[in-house]
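Take a look at the structure below.
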Amino acid sequence: MSNDLHDLFKKELDQVPLRPTDSWVPRGAAALPARAAWQTPLALAIAVLVLVAAVVGGRQLASFRDRSAAGPGVVAGKAIYLTPSFNGSNWIQIDPITLHDMSSKPLMDIQDPASAANDVDAMISTDGSTIIVGEFTTSGVRRAVYDGGTGRLRGYLTPEVPMVIDHLSADGHSALGRLGTSSDALTDPKVIISTETGRVLRMIPSGPQLWTYGVITSSDLSAIYYIVTAVPLSETGLDVSVQQPLSLIVQSTADGRLSAPVALPGMSWGNLLNASPPVSVGTSVALDATGRQLAFLSYDGATIDLVDTGSLAVTTRAVHRKASLFERLGGLVADAKEFIDQQVIDMRFTPDSSALLIITTNIHYGGESPVRTTRDIRRIEIASAEISADVAPTGGIYSTLLSPDGTALYLVVRSQEPPQALYVLRRLDARTLELRAERPLADYAELKLVTQPTSR
Amino acid sequence: MIDGQDDTNWERLYRQSYPSVYRALVATLLDADLASDSLQDAFVAGLRRPPTNDVNVAGWLFRVAVRKAGRSRRRWRWLPLEAAANVTAEGSQIEALLERLSVGQLLRLLTPRQRSIVVAYFYLDQTQEQIAELLGIRRGTVAATISQALTRMRKGEGHVQ
Chain A
0 MSNDLHDLFK KELDQVPLRP TDSWVPRGAA ALPARAAWQT PLALAIAVLV LVAAVVGGRQ
60 LASFRDRSAA GPGVVAGKAI YLTPSFNGSN WIQIDPITLH DMSSKPLMDI QDPASAANDV
120 DAMISTDGST IIVGEFTTSG VRRAVYDGGT GRLRGYLTPE VPMVIDHLSA DGHSALGRLG
180 TSSDALTDPK VIISTETGRV LRMIPSGPQL WTYGVITSSD LSAIYYIVTA VPLSETGLDV
240 SVQQPLSLIV QSTADGRLSA PVALPGMSWG NLLNASPPVS VGTSVALDAT GRQLAFLSYD
300 GATIDLVDTG SLAVTTRAVH RKASLFERLG GLVADAKEFI DQQVIDMRFT PDSSALLIIT
360 TNIHYGGESP VRTTRDIRRI EIASAEISAD VAPTGGIYST LLSPDGTALY LVVRSQEPPQ
420 ALYVLRRLDA RTLELRAERP LADYAELKLV TQPTSR
Chain B
1063 MIDGQDDTNW ERLYRQSYPS VYRALVATLL DADLASDSLQ DAFVAGLRRP PTNDVNVAGW
1123 LFRVAVRKAG RSRRRWRWLP LEAAANVTAE GSQIEALLER LSVGQLLRLL TPRQRSIVVA
1183 YFYLDQTQEQ IAELLGIRRG TVAATISQAL TRMRKGEGHV Q
């Protein structure tokens, strides 16, 4: 639940259409007065305000886009983009070193001002070659498939069977998802389709019939990893007042077979009852780029389980830090003095699989608007399980991206809270986690990685 | 009574709060027609017995409407099947939209009581103190209910599209 709930509730529930104003009060309930005198000026004032905001915002965005910088703007064959809008359009390429704007190409085709979508999301294949933009409307979803290098529209994806697309293969040629349009269980039957034709490539039977904490898929979609409790789904509920131990079950998408459960020592899911109010905590999971290694981190940050995906052998290591480092933090979960409503942990392997980067963000509700703070960013070396870098930057982190060569960690950070929210883009050295570059952003933006732009 | 309270003023306040309260009710009751009807009932209740001074109008309307909806539901349980004809096409479309929204899917994981508190908190921007006052419960109960609801939503989040 990585979105701020306040924002998510506003964004989504404001889509619920209102009934005609003349039906707001019951007929005959009262002698209804004429339109109040204040309403017209207020409507005009709002319209003017919206217009001014649009003009000012448009100018800012235009000047933001027009900036340019010399340099190739590409790292390890990939380009980094900022998406300042929520509708999948207006992507801006940035220089990976200076962070300056470079170009709004190649993704201009994605812009569709006529779109009546309530919601748009963009999935990008790991190699950056394929972008699927889903537009969700009341009548259904339309999925446009774009070339990641040129931004050119390849066509529209209509799956042969109703499905919810959850994962793209690394090369973007196929997609895996839950069968049916109302599927709501992680363990439901799944299907793999071609993103070029929408044809079904493979049907996959149900996963383990256990309460499931999470699912992760191999980049070639050959295996599905279920992180499960020992509690059967047939039981009506899961007791989260205790920490439920977790295990791993692997399902082959080739034949649908499930492995025996593999215990994950130290990994659990449940509530921390000594927090006030109790905080739900869980295990962080990451799969390395080769697909050969899964990493699990316990909620307290003290234990790593490494699983060889070929043999399913588990290696457990105690996380520790260099003796010379100032010991200022305990586990990942906040100290009792800090009231948090939600904790989001983003864990990922470096491209060479030698380290894990763990970004822990706390979300605080209860004020005028949710406030996100960054607890810390850590780097843990896989070979030694040592914390080799640990920083606690200011501001809440809203979007992250690790450069494809593993040298830089990019962050979109809210540097000032509303009502005058300000965002900045930062580049950290991915090894030391020291700040190397920073620039302001005109507005909230997300980071995306696609293939090196080519001429259209 | 609200300053200068009269029917006109009450309707003005009601209309100001209508969009957010109506949407909050749709999300809480998961029934657009019931949300509309119960909000109208709350308006009538306000006409008959206006809320007191300094009242939190949106919170008041929400609480009254939720209570009236609860009574309506209990009453409707005994109505014959033809009552289903009262469901409007507009209501059905709104409910279909809600089913598709991730918030709608998350809210379905909650009990009605959790839903009403979560919606009041996260959508209507009522503080925990205000919710406690509206529902006549302790602030700690509100905080605990929100926490339980968050746990339930987190647990079910992976099951949401």
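From first to last, the protein sequence lines stand for chains A and B. The first sequence: position 176 = 175 (the numbering used here), numbered continuously. The second sequence: position 17 = 1079 (the numbering used here), numbered continuously. Beta carbons are placed, not taken as given, at the ideal position from N, Cα and C, and that holds for glycine.
- Query: For M202 of chain A, is the classification buried or exposed, using 16 other Cβ atoms within 10 angstroms of its Cβ as the cut-off for buried?
  - Reply: Start at 1 with the first residue of the first sequence, and residue 202 of chain A comes out as number 203. Exposed.
- Task: Quick one: residues in its chain with C-beta nearer than 8 Å to the C-beta of Y1084 of chain B, no 5 flanking neighbours on either side, listed in chain order?
- Result: Taking the second sequence and counting its residues from 1, the one referred to as residue 1084 of chain B is at position 22. Excluding positions up to five away in sequence, the list reads A1097, S1098 and L1101.
- Buried or exposed: where does S304 of chain A fall if 16 or more other Cβ atoms within 10 Å of its Cβ makes it buried? In the first sequence, residue 304 of chain A corresponds to position 305, counting from 1. Note that residue 304 of chain A corresponds to Asp in the displayed sequence, not to Ser. Flag for D304 of chain A reads buried.
- Task: Compare the C-beta of A1089 of chain B against all C-beta atoms of chain A and say whether one is closer than 8 Å.
- Result: As a working mapping, residue 1089 of chain B is identified with position 27 in the second sequence. Using beta-carbon distances, A1089 of chain B counts as an interface residue toward chain A, with a partner under 8 Å.
- Message: I'd like to know whether the C-beta atoms of F1124 of chain B and L1087 of chain B end up nearer to each other than 8 Å.
- Response: In the second sequence, the residue the question calls residue 1124 of chain B occupies position 62. In the second sequence, the residue the question calls residue 1087 of chain B occupies position 25. With respect to the 8 Å criterion, F1124 of chain B and L1087 of chain B are classified as neighbours on the basis of their beta carbons.
- Query: Closer than 9 Å, Cβ to any Cβ of chain B: which residues of the region 283-299 of chain A, in chain order?
  - Reply: So nothing in the stretch comes that close.
- Query: What residues of chain B sit near N270 of chain A, judged by a beta carbon separation below 7 Å?
  - Reply: Reading the first sequence from its first residue, position 271 is the one you call residue 270 of chain A. The contacting residues are T1213.
- Task: Sort out for me which residues DSSP pairs T372 of chain A with in a bridge.
- Result: To locate residue 372 of chain A, count along the first sequence from 1; it is residue 373. Residue pairing by DSSP places T372 of chain A opposite A:N361 in a beta bridge.
- Among A:G281, A:G179 and A:P264, which residue has its Cα nearest to the Cα of Y212 of chain A? Here residue 212 of chain A corresponds to residue number 213 of the first sequence, with the count starting at 1. The option with the nearest alpha carbon to Y212 of chain A is A:G281.
- Counting only beta-carbon atoms, is F8 of chain A nearer than 8 Å to chain B? To locate residue 8 of chain A, count along the first sequence from 1; it is residue 9. Taking CB atoms only, F8 of chain A has a neighbour in chain B less than 8 Å away.
- How is D6 of chain A classed by DSSP in three states: helix, strand or coil? Here the question's residue 6 of chain A lines up with position 7 in the first sequence. Helix, per DSSP.
- Query: Is Q242 of chain A near W268 of chain A, with beta carbons less than 8 Å apart?
  - Reply: On the first sequence, residue 242 of chain A is found 243 positions in, with the first residue counted as 1. On the first sequence, residue 268 of chain A is found 269 positions in, with the first residue counted as 1. Yes.
- Task: Report the residue from A:V390, A:R378 and A:T315 whose alpha carbon sits nearest the alpha carbon of T372 of chain A.
- Result: The residue labelled residue 372 of chain A in the question sits at position 373 within the first sequence. When only C-alpha atoms are compared, the closest one is A:V390.
- Query: Mind checking T129 of chain A: buried by the 16 CB within 10 Å criterion, or exposed?
  - Reply: Taking the first residue of the first sequence as position 1, residue 129 of chain A is located at position 130. It is buried - the Cβ of T129 of chain A has at least 16 other Cβ atoms within 10 Å.
- Contacting positions in the region 1071-1088 of chain B - beta carbon closer than 9 Å to chain A: So the list reads W1072, E1073, R1074, Y1076, R1077, Y1080, P1081, S1082, Y1084, R1085, A1086 and V1088, given in the order they occur along the chain.
- With DSSP as the reference, label N1071 of chain B as helix, strand or coil. Looking up residue 1071 of chain B in the second sequence gives position 9. DSSP places N1071 of chain B within a helical segment (H, G or I) once states are collapsed to three.
- Can you check DSSP and say which residues form a bridge with W268 of chain A? Along the first sequence, one-based indexing puts residue 268 of chain A at 269. Looking at the DSSP output, W268 of chain A bridges to A:Q243.
- State the DSSP-derived secondary structure class of A456 of chain A, mapped to helix, strand or coil. Shown here, chain A extends from 0 to 455; a query on residue 456 of chain A therefore has no answer.
- Return helix, strand or coil for W1122 of chain B, following the three-state DSSP convention. To locate residue 1122 of chain B, count along the second sequence from 1; it is residue 60. Shown here, W1122 of chain B sits in a helix according to DSSP, grouped into three states.
- If we count the other Cβ atoms within 10 Å of its Cβ and call it buried at 16 or more, is Q419 of chain A buried or exposed? Taking the first residue of the first sequence as position 1, residue 419 of chain A is located at position 420. Under this definition Q419 of chain A is an exposed residue.
- Task: Might you give, ordered along the chain, the residues of its own chain that have their beta carbon closer than 7 Å to the beta carbon of V1222 of chain B, omitting 5 neighbours on each side?
- Result: In the second sequence, the residue the question calls residue 1222 of chain B occupies position 160. Note on V1222 of chain B: pLDDT 47, under 50, position unreliable in the model; no value is reported.
- Could you give the DSSP three-state label for D13 of chain A: helix, strand or coil? Sequence index remark: in the first sequence, residue 13 of chain A carries index 14 (1-based). If DSSP states are grouped into helix, strand and coil, D13 of chain A belongs with coil.
- Message: Can you tell me where the alpha helix (DSSP H) holding I1193 of chain B begins and where it ends?
- Response: Translated into the one-based positions of the second sequence, residue 1193 of chain B becomes position 131. Where I1193 of chain B is concerned, the enclosing alpha helix (DSSP H) starts and stops at Q1190 to L1197.
- Distance, Cα to Cα, M1063 of chain B vs P1113 of chain B? Numbered from its first residue, the second sequence carries residue 1063 of chain B at position 1. Numbered from its first residue, the second sequence carries residue 1113 of chain B at position 51. Interpretation of M1063 of chain B is limited by its pLDDT of 40, a score under 50 that renders its predicted location unreliable; no figure is taken from the coordinates.
- Message: Is the beta carbon of L424 of chain A closer than 8 Å to that of L400 of chain A?
- Response: Locating residue 400 of chain A in the first sequence gives position 401, where the first residue counts as 1. Locating residue 424 of chain A in the first sequence gives position 425, where the first residue counts as 1. Judged by their CB atoms, L400 of chain A and L424 of chain A are not nearer to each other than the 8 Å cut-off.
- Task: Work out the CA separation of V132 of chain A and A121 of chain A for me, nearest whole Å.
- Result: For the purposes of this step, residue 121 of chain A is identified with residue 122 of the first sequence, where counting begins at 1. For the purposes of this step, residue 132 of chain A is identified with residue 133 of the first sequence, where counting begins at 1. Cα atoms of A121 of chain A and V132 of chain A: separation of roughly 4 Å, rounded to the nearest angstrom.
- Whose CA, out of A:I93, A:T194, A:L98 and A:F8, lies closest to the CA of R435 of chain A? The residue given as residue 435 of chain A occupies position 436 in the first sequence. R435 of chain A has its Cα closest to that of A:L98, out of A:I93, A:T194, A:L98 and A:F8.
- the region 1155-1166 of chain B: positions lying closer than 9 Å to chain A by Cβ: Taking 9 Å as the Cβ-Cβ cut-off against chain A, the residues of the region 1155-1166 of chain B that qualify are Q1155, I1156, A1158, L1159, L1160, E1161, R1162, L1163, S1164, V1165 and G1166.
- Item | Bounding residues of the alpha helix (DSSP H) (the contiguous stretch that carries V1180 of chain B) | Working through the second sequence from its first residue, we reach residue 1180 of chain B at position 118. Segment P1174 to F1184, the alpha helix (DSSP H) holding V1180 of chain B.
- Say whether chain B places a C-beta atom closer than 8 Å to the C-beta of L178 of chain A. Start at 1 with the first residue of the first sequence, and residue 178 of chain A comes out as number 179. It does not: the Cβ of L178 of chain A has no partner Cβ on chain B nearer than 8 Å.
- Going by the CB atoms, is the gap between A78 of chain A and P452 of chain A shorter than 8 Å? For this step, residue 452 of chain A is matched to residue 453 along the first sequence. For this step, residue 78 of chain A is matched to residue 79 along the first sequence. A contact, by the Cβ cut-off of 8 Å.
- Item | Test: L1100 of chain B CB closer than 8 Å to a CB of chain A | By 1-based counting over the second sequence, the position of residue 1100 of chain B is 38. Per the sequence presented here, residue 1100 of chain B reads as Ser, with Leu not at that position. So, not an interface residue.
- Query: Any idea what DSSP makes of Y422 of chain A, helix, strand or coil?
  - Reply: Within the first sequence, the letter at position 423 stands for residue 422 of chain A. Three-state result, Y422 of chain A: strand.
- Whose CA, out of A:S205, A:G179, A:D219 and A:I344, lies closest to the CA of T186 of chain A? As a first step, residue 186 of chain A is located in the first sequence; it is residue number 187 there, counting from the start. Taking only the C-alpha atoms, the option nearest T186 of chain A is A:S205.
- So, helix, strand or coil for I1156 of chain B, using DSSP? Position 94 of the second sequence holds residue 1156 of chain B. Of the three classes helix, strand and coil, the one that applies to I1156 of chain B here is helix, per DSSP.
- Answer with buried or exposed for D3 of chain A, where buried requires no fewer than 16 other C-beta atoms within 10 angstroms of its C-beta. One-based indexing of the first sequence puts residue 3 of chain A at position 4. Burial call: buried.
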